[in-house]
Structures are given as C-alpha cells and as structure tokens.
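**Q** What follows is a single structure, and I will ask about it in a moment.
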Amino acid sequence: MSNRELLSKVRGLVRRVSIKNIRDDGEAQTASIEVADGIWRDNVEVAQQYGMTSSAPEDGGLAIAIAVGGDEGDMIVLPIGNPSSRLSGLDAGDAALYNQFGDRVVVRAGGGIEVTAANSVALKVGGISLTIDAAGFHFDGGSIWHDGVPIDKTHVHDGVTRGGAKTNPPVSG
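When the letters of the sequence shown are read in order and numbered with UniProt numbering, they come out as residues 1 to 173.
Shown next, in the form of structure tokens:
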C-alpha cells in the first residue's frame, strides 16, 4: 500500500458528514450520509445514548461518522447535531432538551426547571393527566388535594344548608 493510499485510509476513519433521509422506524435510527462531495452512504446507523433519543431536522444536519475497524463500508454516525436549530444562551452548568420550534425544558445549574411550550404541557401518571394550555389547567382522573383536603368535585362544606343554592366564591386571603 502506498503512502497516498494509507493517508487516504486514515483520513476516511473519521469524517464530518451531512445528513439526509433520517429513518426512525426500526431497532436503530439510520440516515444517509455524505462522506465526500456527492458520495453518499445509505442506512448508516445513528448511535444514540440509552434513555435519550431524537430525530434531528435534516436541513443543516451534521454529524461525525466513524469507519468501524477502518472499513468505510461499515460506518456509524455519532449523534446528529443541527447548528441552525441549536438552543443557545444557556448559563454555565445548565442543561436543556429542545426542539427546532422553541419548545424546551431547561434544568438550571442553580436549581430550577423551566418548561416552555408553544401549545401545551401534559403530565401523565397511570390513568391521571394534567394538561396546561392557553385555556388553563385540565385535570382528568384522580383527586386534587391541598393540605390533606380534597378540593375537587368530591369535597364537601360544613355549615351549608342542603338545597338548590350555591355557595359563595372563596374569600380572598
């Protein structure tokens, strides 16, 4: 093998690649990658860490590809980034989950979690759900408790005469 061929092999071990055709419907996410100008490899596995997954927007998607064992026919892509959609402006020590539309969960280094969503935030546990949207808070299933007292449709009042009358609104504190 000539020095030129050896150098070409070494350069092919690790590459910065452009991404298209991301498929997220199988056991492993795959993508087509452009390893050199006009040279594409299809169905390349995208490595993802356990418990964390994403499907990056293809427009501007970039990644690092590694030729496993030096074999450019057996490549794997490290997690995909998309600089044009990256959330910026975090403080040192902050961590965030985000999408290209501005929805995000930011865990602040100083202790605090901020959730920002364009339409709604939903929490689901068993058969109970809490959804927050522009119309307000929506609770489905279960009971709502405050200081050990139910405050949902199951609560009762003392000192109220039964009948057709309604109780007054709560007294402000």
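Just so you know, even glycine gets a beta-carbon here, dropped at the ideal spot from N, CA and C.
Buried or exposed: where does ALA134 fall if 16 or more other Cβ atoms within 10 Å of its Cβ makes it buried?
**A** Along the sequence shown, one-based indexing puts residue 134 at 134. The residue is exposed, with fewer than 16 neighbouring Cβ atoms inside 10 Å.
**Q** Taking the C-alpha atoms as reference points, what is the distance between ASN43 and ARG11?
**A** Counted from its first residue, the sequence shown places residue 43 at position 43. Counted from its first residue, the sequence shown places residue 11 at position 11. When rounded, the distance between both Cα atoms is 21 Å.
**Q** Nearest CA to the CA of residue 186: which residue from ILE132, SER84, ASP91?
**A** Outside the modelled stretch of the chain, which goes from 1 to 173, sits residue 186, for which no answer is possible.
**Q** Report, in whole angstroms, the separation of the C-beta atoms of VAL105 and ALA96, which I expect to be a contact under 8 Å.
**A** By one-based count along the sequence shown, residue 105 stands at place 105. By one-based count along the sequence shown, residue 96 stands at place 96. Rounded, the Cβ-Cβ distance is 7 Å, consistent with contact.
**Q** DSSP beta-bridge partners for ASP133?
**A** The residue given as residue 133 occupies position 133 in the sequence shown. SER120, GLY136, per the DSSP bridge assignment.
**Q** Apply the 10 Å Cβ neighbour rule to GLN49 and answer buried if 16 or more other Cβ atoms are within range, or exposed otherwise.
**A** In the sequence shown, the residue the question calls residue 49 occupies position 49. Result: exposed.
**Q** Bridge partners of SER32, per DSSP?
**A** By 1-based counting over the sequence shown, the position of residue 32 is 32. Note: SER32 sits in a beta bridge opposite LYS20.
**Q** Looking only at its chain, what residues have a beta carbon closer than 7 Å to the beta carbon of LYS153, apart from the 5 residues adjacent to it on each side?
**A** As a working mapping, residue 153 is identified with position 153 in the sequence shown. Taken in chain order, the list of residues that qualify is empty.
**Q** Between the Cα of PHE139 and those of GLY148, ILE128, LYS9, spot the shortest distance and give me the residue it belongs to.
**A** Locating residue 139 in the sequence shown gives position 139, where the first residue counts as 1. Among GLY148, ILE128, LYS9, the Cα nearest to that of PHE139 belongs to ILE128.
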